[in-house]
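Chains as they are written, first to last, in this note's numbering: chain A, -5 to 427; chain B, 96 to 439. All C-beta atoms in this analysis are idealised placements derived from N, C-alpha and C, irrespective of residue type, glycine included. Just so it is clear, the structure is predicted and the values come from calculations on it, not from any experiment. Take a look at the structure set out below.
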Amino acid sequence: MKKHNPKFKIFLKIPSFIKNQVMSYPNDSLDNSEYPMKFEVLQKCSRSKARLSKLTLPHAVLETPQFMPVGTQGALKGVLPSQIRDLNCNLILGNTYHLGNRPGTCILNQAGGLHKYMNWDGALLTDSGGFQMVSLLKLAKVTEEGVSFQSPHDDSMMMLTPEKSMEIQNSIGADIIMQLDDVVSSTLDDQDRMEEAMLRSIRWLDRCIKSHKRKKDQNLFPIVQGGLNMKLREQSVKELVKRNTAGYAIGGLSGGESKDDFWRAVSLSTDFLPLEKPRYLMGVGFAIDLIVCVALGCDFFDCVFPTRTARFGCALVDEGQLNLKKNTFSTDEKTIDENCDCFTCKTYSRAFLHMLLNSDEVTVCQLISIHNVAYQMRLMRRIRDSIRNDTFPEFATNFINRFYLSDTSKKTNAKNIPDWVIEALKSVNIELI
Amino acid sequence: MGKSFGNFIAMKDYITYLSVHDNSKSYQNGFNEGKKIAIWSKRGKTLISSDIFDEFIKNVHFDIVECPYDDFDGSVESKKQIRKAMERTKSFVDWFFGDQREKFRNTEIIMPLVGNNDLENRKYFTEHLKNSNYKFKGSIYHGFERDKSSLTITDVQKYKKLIQIVDNDITMDGDENKFKIFSLPARPDQVVEAVELGFDIFTGTYPYVITKKGYATIFEPKNDLIKNPQHETEDYEVSKKRIKLDDAESEKLNKEDLVINLNDKKFSEDFGPLKKNCTCYSCKNFTRAYIYHLLFTKEISAHTILMIHNISNYFEFFEELRNSIENDYFNNFKKFVLNQFKRE
């Protein structure tokens, strides 16, 4: 929105149809920015690659490292927008593939974008719809033009091109949008296909940049690919950095590959990505993974895990998960987590939630979702505070030790910390043993 | 004595009420044995006897408890069947209102009034209560026919005479301070009719039953003009509501129940609130289009949002109902409500 400059006597009148598209920023600081985003590293960990930063988006200002809950279809599994706000969460993810189908761009346009449609005034991030290709691969066909696949909802054929993905994401109106990438499973052994996908993703990135119609409102992130092939990944990063974008996503991981390969691929990506721009690691949400990847230099994350596991009655705690369906909880009068101050933990006991799991699934799913999102928010806040005080290595060490030592399913008394965790943190100067 | 249920569900400032059956679901009649009745849960049937029930309410404290009973939620042909159910109810009543009464001083036990649609059996029952001289502050009528799909009572007026006769029988010595509970979900027009017959407390499951189907209620809970006792509600401009819809199917739904079905595709592009001028949280924050989307994509937020609206609407209606009695315009209010549901 242009400010009236008193020096000139000419008033600039903004036509209403543009007004409907342009978002009003909650703060002026984005007015003169190159992108509708600002990223400022506030503090660096003196040992690892972790950093504390401030991220300013059109709809929200937040600190990173941060976690984004996933509201796939324009809703967060039973948690209403004002409840999300109450959890100190102001950035969530929506899924382009699903939203493009239902409700579709026509209705989203009529509504004025997803923010208005779902009544969420915080920041939104949308993925491109590309990930669904991996999960629906048996029905999908990838060509240079795009991806065609059969909608599982009504069996119709859908073609997703970079241009179409941009069109849908422009309609949705998220603060950050993803390029359409040629996603290939990280466990795929075919190096030729992996290379083809990586190079095609770059060509698709350029098509996305060209067809992105709302550069002043929405930040387009490219996605680093290359699977577990370090050479390809390095090539991917170097090409992406040549394009002028506000930030980067690290993709093609969290698809069932070994953790050993996973962390190396993440670390290589962050080694070559510019320090002054945010790094979004896709598909990571387990506490241990979050801590390790923060140490490796990632800034924000998304995962369906917290909200999905809530549906099955599992509540997140530092030691892992509590499966509240188990009978041991039927008489447990404690709250889920005595350190948590979410609505669920302030009000209800585990026994009560156990009872609800047998009767009112809607309410209990909502209650556990609220707790799980609160847990993730609190975890990230603890991580940020430790970076702020330069005690991140100690925080990581304590958390990881406690997590694995409390795992009573293992037989030995020796530390059960997986090798990959030890090696990953060692690579950034954090010694766990 | 026992642990408070109110504390367990984090509602310690509320009055807790234990009902025998979940009237938001339709359950199977019968399947009782001897002096036990069948109650139904996800796991199937459980038989409850007096002492099992006794044990339960001793250990878990509720402020108000329904005495177990046996009746049918539809009309029954066989007098013998009704008699059997009535006898079974008697055995529970004898237990809880007889010698055991002293045990439950902190809990108000509600007297069940059974006998289905058979006046003779109803009178057997009330005779027994009179002769046994049982003391109770509240009673609940069972045995009314309910509609299988909407789960509400089919017709309040059908039971008018029966209710008046039984009421007469159980009121002793001018003891007017007894309350009557209406056990089935009821639409606002049915509530008003029941209030006229002296009912005081209603089950709040009507909004829930509506929500489960994806419906939202759109009746008007109040209207300022009718507060004037001089105002004649024959003046149709004010009180008559005719909500016009496009197709015959929803016209029918709308006429009978004053609800909208948010599963209907026609709402997918309707960006208005559930009900115009409604001040509830849902209507202030969400559109019909979005709620349609949530229902269509099977998101549970849909139910939360609909429930908030339906409860708000229902409770606003009850508040206004009480106002109308207190401020002497109940007749106007009754006509206002009945007109909406196209009843005379």
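{"query": "Quick one: any contact between the segment 249 to 259 of chain A and the segment 43 to 56 of chain A, if contact means 3 or more CB pairs under 8 Å?", "result": "no"}
{"query": "Output, in chain order, the set of chain B residues within a Cβ distance shorter than 7 Å of residue 112 of chain A.", "result": "385"}
{"query": "Between A:149, A:24, A:59 and A:33, which has its C-alpha nearest residue 289 of chain A's C-alpha?", "result": "A:59"}
{"query": "So with Cβ pairs under 8 Å, would you call residue 87 of chain A a contact of chain B?", "result": "no"}
{"query": "Could you give the DSSP three-state label for residue 398 of chain A: helix, strand or coil?", "result": "helix"}
{"query": "What does residue 96 of chain A reach in chain B if we use C-beta pairs closer than 7 Å?", "result": "388, 391 and 392"}
{"query": "Which residues of chain B have a Cβ atom closer than 9 Å to the Cβ of residue 359 of chain A, listed in chain order?", "result": "395"}
{"query": "Against chain B, does residue 386 of chain A count as a neighbour if the rule is that its beta carbon must be under 8 Å from one of theirs?", "result": "no"}
{"query": "Helix, strand or coil: how does DSSP classify residue 160 of chain B here?", "result": "strand"}
{"query": "Give me the Cα-Cα distance between residue 66 of chain B and residue 64 of chain A, rounded to the nearest whole angstrom.", "result": "Shown here, chain B extends from 96 to 439; a query on residue 66 of chain B therefore has no answer."}
{"query": "Residue 363 of chain B versus chain A: which residues are under 8 Å apart at the beta carbon?", "result": "97 and 101"}
{"query": "Applying the 10 Å Cβ sphere with the 16-neighbour rule, what's the burial state of residue 215 of chain B?", "result": "exposed"}
{"query": "What separation, rounded to the nearest whole angstrom, lies between the Cα atoms of residue 346 of chain A and residue 106 of chain B?", "result": "12 Å"}
{"query": "Mind checking if residue 269 of chain A is an interface residue toward chain B, Cβ cutoff 8 Å exclusive?", "result": "no"}
{"query": "Hey, could you find the ends of the alpha helix (DSSP H) residue 79 of chain A is sitting in?", "result": "75 to 80"}
{"query": "According to a CB-to-CB cut-off of less than 7 Å, which residues of the segment 120 to 150 of chain B neighbour chain A?", "result": "137"}
{"query": "In whole angstroms, give me the CA-to-CA distance for residue 305 of chain A and residue 365 of chain A.", "result": "12 Å"}
{"query": "What residue ranges within the segment 313 to 337 of chain A form continuous beta strand (DSSP E) runs of no fewer than 3 residues, ordered along the chain?", "result": "314 to 317"}
{"query": "Roughly how many whole angstroms lie between the Cα atoms of residue 126 of chain A and residue 154 of chain A?", "result": "11 Å"}
{"query": "Excluding the five sequence neighbours on either side, which residues of its own chain have a C-beta within less than 6 Å of the C-beta of residue 422 of chain A, listed in chain order?", "result": "42, 43 and 289"}
{"query": "For the alpha helix (DSSP H) containing residue 360 of chain A, list its first residue and its last residue.", "result": "355 to 382"}
{"query": "Considering Cα atoms alone, identify which of A:296, A:374, A:144 and A:162 is closest to residue 122 of chain A.", "result": "A:162"}
{"query": "Would you kindly check if the distance between the Cβ of residue 330 of chain A and the Cβ of residue 350 of chain A is under 8 Å?", "result": "no"}
{"query": "Under DSSP, the beta strand (DSSP E) around residue 55 of chain A begins and ends at which residues?", "result": "54 to 58"}
{"query": "Determine whether the Cβ of residue 341 of chain A lies closer than 8 Å to any Cβ atom of chain B.", "result": "yes"}
{"query": "Answer yes or no: does any C-beta atom of chain A fall closer than 8 Å to that of residue 406 of chain B?", "result": "no"}
{"query": "Within this structure, are the beta carbons of residue 164 of chain A and residue 201 of chain A separated by less than 8 Å?", "result": "no"}
{"query": "Compute the Euclidean distance between the alpha carbons of residue 371 of chain A and residue 393 of chain A, then round it to the nearest angstrom.", "result": "16 Å"}
{"query": "Go ahead and pull the three-state DSSP assignment for residue 307 of chain B.", "result": "helix"}
{"query": "So is residue 139 of chain A buried or exposed if we call it buried at 16+ other beta carbons inside 10 Å?", "result": "exposed"}
{"query": "Distance check for residue 279 of chain A and residue 430 of chain B, CA to CA, integer angstroms please.", "result": "58 Å"}
{"query": "So if I threshold CB-CB distances at 8 Å, which residues from the segment 43 to 75 of chain A count as touching chain B?", "result": "67, 68, 69, 70, 71, 72, 73, 74 and 75"}
{"query": "Within 8 Å, do at least three Cβ pairs link the segment 297 to 312 of chain B to the segment 252 to 265 of chain B?", "result": "no"}
{"query": "Grab me the residues of residue 210 of chain B's own chain with a C-beta within less than 7 Å of its C-beta, minus the 5 sequence neighbours each way, in chain order.", "result": "177, 181, 216, 217, 220 and 238"}
{"query": "What number of angstroms, rounded off, separates the C-alpha of residue 196 of chain B from the C-alpha of residue 229 of chain B?", "result": "9 Å"}
{"query": "Would you mind sorting residue 418 of chain A into buried or exposed? The rule is 16 or more other CB atoms within 10 Å of its CB.", "result": "buried"}
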